[in-house]
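When you line the sequence shown up against the UniProt record's numbering, it's residues 1 to 346, in that order. We put the beta carbon where it would ideally sit given N, CA and C, even for glycine.
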Amino acid sequence: MKTDPISFAASSPMRAAYSPLTHSFSSFKIGTPNLDAAIAANNSNFYTYELLQSIAEWLKKRVDIRPTVGIICGSGLGSLADTLTERNTFPYEVIPHFPKSTVHGHEGQLVFGKLKGVPVVCMQGRFHYYEGYPLWKCSMPIRVMKLIGVNQLIVTNAAGGLHSDYQPGDIMIMKDHVNLMGFAGNNPLQGVNEERFGPRFIAMNRAYDKELRDHAKKISKDLGIESFVREGVYAVLGGPNFETIAELRLLKTCGVDAVGMSTVHEVLTAHHAGMRIFAFSLISNKCVTDYDDDYEVNHAEVIDTGKMREPILKELVTRMVLKMSELENESASANNIDSASLMFDY
């Protein structure tokens, strides 16, 4: 008999502990740590395919909308979810086995709804490594989105501008990234691979979809904002401290244009699951690379820059969602034609 991991963990007199090395559950008695406590310990990835599927089913039972586009709302874009129609909102703390967002400016909820008629799901607030969460937990919601039906993802963030031409308020379309934490062996895909999401080894040279990037540039031109829309390379560090001058000089030598503390682990997980990805950074401040510069970056500045660009960011994302829906419909129509042709190909 198949057991729902969520129901099992909540109601059984025995608790389920997952072993990532054997892909199996072991049981332990009430009075010892339960599944939620084991997940909270952050020692091993307890999010099995079955457990993630159960979280997805929990959500699907409570909402009629079936989103195909997911949006991670970074600083300056949180209010986008407030504009959705037919909204259903789930604070992270009520979703079984979800972490909690602890960063000021991040609402901490999953919002289902329609954006100009397109069914979407938004993360209002993400999870960061510096909050004490391992990367597999930070990126877990991406896999839940996939199981709900999401196959295209928009990822946004606030980042420091390292490129000498970048100014606060600029928008950088991400064409690539440098995964500093990955250099140290810290990757959300570590551990036994779950083939039902994707293969063990994945190429990353096409992670940031070129067609979507080209459409974003055209939309930027249509909006009249092309003068402050860039395209560049993002680097992720663990945080929560901002970078030292020496670190920034090193990254600049490596071809990095903007620096932040999120996004890359989400992109890795989404790309592994076969999602099309569009990502951009709002440049919230200029990085300090001169020892004689007395300026110090602060989080309040990040929030303020986000508020300043909020209307433009909303419009950019809205038009990208409409374009992504259009592309998906075109692809579905083409697949249907191909299938029909095969049926009559004798």
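- Shown here, Ala300 sits in a helix according to DSSP, grouped into three states.
- Classified as exposed, Tyr291 has fewer than 16 neighbouring CB atoms from the shown chains inside 10 Å of its CB.
- In the DSSP assignment, Glu231 forms a beta bridge with Ile173.
- Counted as a single uninterrupted DSSP element, the alpha helix (DSSP H) harbouring Leu59 occupies residues 49 to 60.
- DSSP places Phe90 within a strand segment (E or B) once states are collapsed to three.
- Straight across, the Cα-Cα distance linking Ala207 with Met324 is about 16 Å.
- Take the alpha-carbon of Glu93 and the one of Glu211: they are about 36 Å apart.
- Closest option to Arg143, judged by alpha-carbon separation, among Ser333, Glu266, Asp176, Leu115: Glu266.
- For Met140, there is no enclosing beta strand (DSSP E); the residue is part of the alpha helix (DSSP H) that begins and ends at 140 to 148.
- When only Cα atoms are considered, Ala332 and Val150 end up about 15 Å apart.
- Bounds of the alpha helix (DSSP H) holding Gly182 are 180 to 183.
- Residue state for Leu77 is assigned as coil, using DSSP reduced to three classes.
- Residues Ile219 of the same chain have their beta carbon placed closer than 7 Å to that of Arg319, with the five preceding and five following residues left out of the count.
- Separation of Leu162 and Arg62 (C-alpha to C-alpha, rounded to the nearest whole angstrom) is 44 Å.
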